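In what follows, a single structure is set out as structure tokens and then discussed.
There are 6 protein chains.
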Amino acid sequence: MELRSTLLEELTWTEIDSAIDEGVKTVIVPAGSVEQHGPHLGILKDAAWAEAIGVEMAEELGDALVAPVIRPGCSDHHMGFSGTISYRPETLMRVLEDYCTSLDSHGFEHIVLFSMHGGNFPAMNAILPSIAAEVDAQLITLLDKGLLIDPLMESLDEMEISADARGHGGAAVTASVWHLRPDLVREAEFTPGFTGDVSTSTLTMNGLDAVTELGHMGDPTEATLELGEAVTDRIVTAFSGRIRDERGDLDA
Amino acid sequence: MELRSTLLEELTWTEIDSAIDEGVKTVIVPAGSVEQHGPHLGILKDAAWAEAIGVEMAEELGDALVAPVIRPGCSDHHMGFSGTISYRPETLMRVLEDYCTSLDSHGFEHIVLFSMHGGNFPAMNAILPSIAAEVDAQLITLLDKGLLIDPLMESLDEMEISADARGHGGAAVTASVWHLRPDLVREAEFTPGFTGDVSTSTLTMNGLDAVTELGHMGDPTEATLELGEAVTDRIVTAFSGRIRDERGDLDA
Amino acid sequence: MELRSTLLEELTWTEIDSAIDEGVKTVIVPAGSVEQHGPHLGILKDAAWAEAIGVEMAEELGDALVAPVIRPGCSDHHMGFSGTISYRPETLMRVLEDYCTSLDSHGFEHIVLFSMHGGNFPAMNAILPSIAAEVDAQLITLLDKGLLIDPLMESLDEMEISADARGHGGAAVTASVWHLRPDLVREAEFTPGFTGDVSTSTLTMNGLDAVTELGHMGDPTEATLELGEAVTDRIVTAFSGRIRDERGDLDA
Amino acid sequence: MELRSTLLEELTWTEIDSAIDEGVKTVIVPAGSVEQHGPHLGILKDAAWAEAIGVEMAEELGDALVAPVIRPGCSDHHMGFSGTISYRPETLMRVLEDYCTSLDSHGFEHIVLFSMHGGNFPAMNAILPSIAAEVDAQLITLLDKGLLIDPLMESLDEMEISADARGHGGAAVTASVWHLRPDLVREAEFTPGFTGDVSTSTLTMNGLDAVTELGHMGDPTEATLELGEAVTDRIVTAFSGRIRDERGDLDA
Amino acid sequence: MELRSTLLEELTWTEIDSAIDEGVKTVIVPAGSVEQHGPHLGILKDAAWAEAIGVEMAEELGDALVAPVIRPGCSDHHMGFSGTISYRPETLMRVLEDYCTSLDSHGFEHIVLFSMHGGNFPAMNAILPSIAAEVDAQLITLLDKGLLIDPLMESLDEMEISADARGHGGAAVTASVWHLRPDLVREAEFTPGFTGDVSTSTLTMNGLDAVTELGHMGDPTEATLELGEAVTDRIVTAFSGRIRDERGDLDA
Amino acid sequence: MELRSTLLEELTWTEIDSAIDEGVKTVIVPAGSVEQHGPHLGILKDAAWAEAIGVEMAEELGDALVAPVIRPGCSDHHMGFSGTISYRPETLMRVLEDYCTSLDSHGFEHIVLFSMHGGNFPAMNAILPSIAAEVDAQLITLLDKGLLIDPLMESLDEMEISADARGHGGAAVTASVWHLRPDLVREAEFTPGFTGDVSTSTLTMNGLDAVTELGHMGDPTEATLELGEAVTDRIVTAFSGRIRDERGDLDA
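Residue numbers (the numbering used here), protein chains in the order written: chain P, 1214 to 1465; chain L, 1214 to 1465; chain R, 1214 to 1465; chain Z, 1214 to 1465; chain C, 1214 to 1465; chain E, 1214 to 1465.
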């Protein structure tokens, strides 16, 4: 089946209706944030990244649509940096519930939930059991730090990027966003970020601005477009594989 | 001052910080929906329209940024049409509260709230007093059916478009979206929609699908790009004028 | 059928039970406020007015009862004037939900919702879809500024009352309340009120006391009992007509 | 000081403002219900009773106003009888909070809370600590079954009314309402009600309609106007005395 | 049937499963508090007492299990004393709802609710109707001050303990806890407590620390282990009797 | 300083007050669950384990008290097994908030939050930013799967316990509980549990009973008391070390 777009939002209701009728039974719900990632990345970074990853997943699967990316997200400890907009966890929980019950009512059989912003994991995971009790569709959740971070780390290892390059706004994420949404990247502003340790307690009590003036962690100067492509591919592959497993594609 | 973009989401936190420092004290929060508007409009229509109107307002004002458009919105009576995602009113109330308190904390002095989707008005107006009590910034609200619909109607009168052409997905809105976001318009699908009366009670109890199979009201076949430009200009002019009045630009 | 009273609250449960059995299938839920309207009107004005209008509607319909008027209402921007009691929107939303589910359980087939206080519209309209999903009865909503204000304005035009006479506590509303509840009117205190413009933003941020010391708008000195009767009749006729339309009385 | 009415709702904001200025620092908030009490009492009984008792208290104190009576109340186990409207406890909690914060803002120094409907006690008592933390005024609470029922029982003992005459809609309450609001009493329908035991568990699980078809308990046929006056006086005396104690009138 | 323990929490799921299968259809939910009771009682007192009373009831009934005691409880006016942890009423309401719906799902037919801390009564009673509407099991509620206090008072009368010995942390409760949980009692710290009157208004507005430095009321020096056994037996007998009545054991 | 107990609940308010005065500024809040862990473990396992670990941590630190363990927890996907009691995430969020604000008011300077039940992590982490904004004390959070699981895994590796022995109710957790709370362990019921993979999606949608009849995962037959002691020591050491780091003990 030929879809005009894999983005649900760009289609008319009749186009969506036909797609579902013809077998597009999976809808992917990406989540991100509106949050600072240092002076080299636009604040939509996590959301734009999530949307673009969602599109690659939908293309890889061939029978999925991508819902409008959820943003803002829970970004409380970035509030010290201008432009950040943060949801209280209860807000995000309600948003996710409304997305899932709405999409479920249209006949999608698999609702995939993922977030490219780790700060959304607690609220999203917390509300899952309630949503599961309300919908008929299968919820496929990729809301797991390991699943998200392992592919990034493997790429960095393989490409011999230093450990310090990692982190919030570091080489791996910068590279992947650069590959997918170059308009959000300011190459001229690549500069090493904070690389020390910062505990959850500190972040929770004092915010990230307590330890860094620039806002990012890790070193974006090691980012390359080649790394970006590698990282992106690994993530898309890992996520799509999980979806196929959960849907039981092999069993069919 | 030269802004790389009037869209907050495309800027880095440092760019936003500088802008505020240099006098960009107004942030515009557009709201829309993810909702069917007949077979000729993509379901992001209201949200994309609101974002584009927001950008024109920001350009007209010269000292404003546009926050990420709020969507979905409250679209309960469109749920019978595939793809529509609807927020419960409490969800939208929380979302708006989080937007405003976040933006207020960054030093904006004027927060402008408007919605190109009328279904959002009740929830947004209901939460306004609570928000007003929480923020330091001035709230400038354009959440008023008259303010939104009068400019559309005047344009239609002036261009001698028939009364039947009006309404949800009709000539005026189709034309304005066509002018601003042609990618969301399917010209080949322009077809007259429902033009009878439908009461709020019927919409509330039974949804719009009780009276129309296609989903739109009014007649998009009368839409032209010329009408779209006229309608858009009137809206932007009306909204920007109200903002200047509320900010007291003339008093300065 | 002979009802001892059209006010539900004055009847015993057995009288109500018989009435429903004998065909009284419509219950009217009026809403008002406990809020200042200048020095010439008791603060129950909107609620007493709504109750009296409800009774006239029930008499006009001949087969309806009137529930206890909902008050207080949402009166946030009147809090600067002594005696005003205001509900948060969430409170009014819950109150309305409890009214409707309770009345629905007793076998009423039509629940009519209206408010003589515009400040209640956002919260009442916001919760409607949730209520609609919970009740079996048909919800008939008259929660629409146009429907309320048009009859007032027409009466004023017809009787050549000046435009300045209109508004919160002005000639039209004062006259109608005078006609229905003279005990709440202080004729000796009729005095011209604020007639300038005040934006929603100002009301929301600063309250009505920012622009007027007296609290009312428009000019009650133009109120007459004759005008009161005319205004009242128009409102009752407009509302009752809408109820008959929604119930489909003509279709029977 | 000469008050036109002790009912806040009948006064204009300027009259209320003057009264507070001149020493009316106590506001009494009565609560009742909209609930069946057998075939001989109008369903507003508890609310009308509370309002009338409130007025007598205010007259006895000489420096108090009575807020609009709170109704409906929590009447869940009366829902089996037509006309009953019941609040969820959370609704009543919010209503009470809004009343108290509103009244507190106008400068009352003592806010008296009482309910002539026992079903309201749990929700009202539950929310008290939150309200106490929000207001400057002293909360004087009479929300105590003993305080309410002891005066009734003493009157019945003294007048040698049988024990079976007591209870929901029985002799004591019927007599007091008859004395205060004869329009709500149907003397022709006085008939002995249910006099057996019914546990809270049964009421909670099955409602009062599980044990009685008529809805009332005790025997209203023993009610007399003389008893009504005696019962009323005792209640008013007990409540007013408590208010004076709490305000520390003797200490002054 | 031989149960390894009457405490649900000490059993494995398979042991519980077998017990229910073999006729243990009653589960007892005790509630207490984490709250000061003077210098002679550990702050778990109410909760430990409730758990121990629950166990005695279960043993007396022979076919009941005891759920993990609910604690903390609502102890707002004890917050002035170190160590007290207090739930807002909404928290306790949610906790009770979750207990009951969980236990109901496992097939218990009778859920018994009681609290040895009076401060929990309002919140627990307020949420009962909602829970009753959600569960299949019969709710048996002992949440009634009279039921709790009458047996204590009768024991004290019978043993000629002075009236002043009663109250929060006084002779009766100290004795019963001493009998059941001697580890929580500091005999060396027995000292007469506050014995004056303190109104609910004072407690609500100012907390118990406004009238007593020590925190307890009544006189624990009159406590004896003999009194403790007598008080305990009366409470257990009164509660168990009520449970048998409500279950209809005699009807079988 | 000599504490009678490190368990806050066993102390009187005066003992707690003195302890805080003398330098006990850290309070540890353990969280667990009331949830099945196979036929060999009592359902209080996670909570009892958390409490015992908390006590060891307090002893190790020497200047800390342990609050009453929070239980139940969020155990939705164990509801298919008898006895499990589960909190909705919003309930646990409120419980944690009430604990922290209460403890903060008594003057503790460090509030340590940890959970031996992973299912509590989302709700607890989600509410952290709100709590951080409300309290003066430093929140020290150990709510991190890695921190909890790494020490278990290292012990298993070191003692050459097979990978299959791990998991919910497996060798490591069984051994640690056996060491700390032998009364909750049924050695006769040790039996290999489910060792396959089960995705979060499956757990969320269908519960653990969809994949295992017994309820546990991993193999408790490999548990030994020696392993239990090793595992326990590692956890206590890891947690206590983190607390010292966060408190800045070395900086002093």
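Beta carbons are placed, not taken as given, at the ideal position from N, Cα and C, and that holds for glycine. Since this is a predicted model, take the numbers as computed values, not measurements.
Give a yes or no on whether 8 Å exceeds the smallest Cβ distance from residue i to chain C.
i, result
"Glu-1435 of chain E", "no"
"Leu-1341 of chain Z", "yes"
Would you kindly check if the distance between the Cβ of residue j and the Cβ of residue i is under 8 Å?
i, j, result
"Phe-1294 of chain E", "Asp-1422 of chain E", "yes"
"Pro-1364 of chain C", "Arg-1447 of chain C", "yes"
"Tyr-1312 of chain E", "Ile-1283 of chain C", "no"
"Val-1247 of chain P", "Leu-1221 of chain P", "no"
"Ala-1339 of chain E", "Ala-1401 of chain P", "no"
"Gly-1359 of chain R", "Pro-1433 of chain R", "no"
"His-1250 of chain C", "His-1392 of chain C", "no"
"Asp-1276 of chain E", "Val-1237 of chain E", "yes"
"Arg-1399 of chain L", "Pro-1302 of chain L", "no"
"Gly-1267 of chain C", "Pro-1285 of chain C", "no"
"Arg-1217 of chain P", "His-1323 of chain P", "no"
"Leu-1278 of chain Z", "Thr-1227 of chain Z", "no"
"Gly-1441 of chain C", "Thr-1225 of chain E", "no"
"Thr-1425 of chain Z", "Phe-1407 of chain Z", "yes"
"Thr-1387 of chain R", "Leu-1352 of chain L", "no"
"Leu-1397 of chain L", "Glu-1223 of chain P", "yes"
Can a CB atom of chain Z be found closer than 8 Å to the CB of residue i?
i, result
"Gly-1296 of chain R", "yes"
Among the options, which one has its Cα closest to the Cα of residue i?
i, options, result
"Ala-1232 of chain P", "P:Gly-1320, P:Glu-1273 and P:Ala-1260", "P:Gly-1320"
"Asp-1410 of chain L", "R:Gly-1431, R:Arg-1455, R:Thr-1225 and R:Ala-1443", "R:Arg-1455"
"Lys-1258 of chain Z", "Z:Ala-1350, Z:Gly-1296, Z:Leu-1341 and Z:Met-1306", "Z:Gly-1296"
"Ala-1345 of chain L", "L:Arg-1457, L:Glu-1272 and L:Met-1306", "L:Met-1306"
"Ala-1378 of chain C", "C:Gly-1431, C:Met-1418, C:Ser-1453 and C:Leu-1463", "C:Gly-1431"
"Arg-1457 of chain Z", "Z:Glu-1273, Z:Ala-1265, Z:Ala-1263 and Z:Asp-1230", "Z:Glu-1273"
"Asp-1357 of chain E", "P:Ile-1229, P:Ser-1318, P:Gly-1332 and P:Leu-1355", "P:Gly-1332"
Nearest chain E C-beta to residue i closer than 8 Å, yes or no?
i, result
"Gln-1351 of chain C", "no"
"Pro-1252 of chain C", "yes"
In three-state terms, what does DSSP make of residue i?
i, result
"Met-1430 of chain E", "strand"
"Ala-1277 of chain C", "strand"
"Thr-1354 of chain C", "strand"
"Ile-1374 of chain C", "coil"
"Thr-1387 of chain E", "helix"
"Ile-1283 of chain R", "strand"
"Pro-1239 of chain L", "Residue identity check: residue 1239 of chain L is Thr in the sequence provided, not Pro. Strand."
"Ala-1244 of chain P", "strand"
Can you round the beta-carbon distance between residue i and residue j to whole angstroms, since I take them to be within the 8 Å contact cut?
i, j, result
"Thr-1304 of chain Z", "Val-1308 of chain R", "6 Å"
"Glu-1310 of chain E", "Ser-1343 of chain E", "7 Å"
Answer with yes or no whether the minimum CB distance from residue i to chain L is below 8 Å.
i, result
"Ala-1346 of chain P", "no"
"Glu-1223 of chain P", "yes"
"Pro-1302 of chain R", "yes"
Listing by chain order, which chain A residues have their CB less than 9 Å from the CB of residue i?
i, result
"Ser-1412 of chain Z", "The structure shown has no chain A; the protein chains it does contain are P, L, R, Z, C and E."
So with Cβ pairs under 8 Å, would you call residue i a contact of chain P?
i, result
"Asp-1289 of chain E", "yes"
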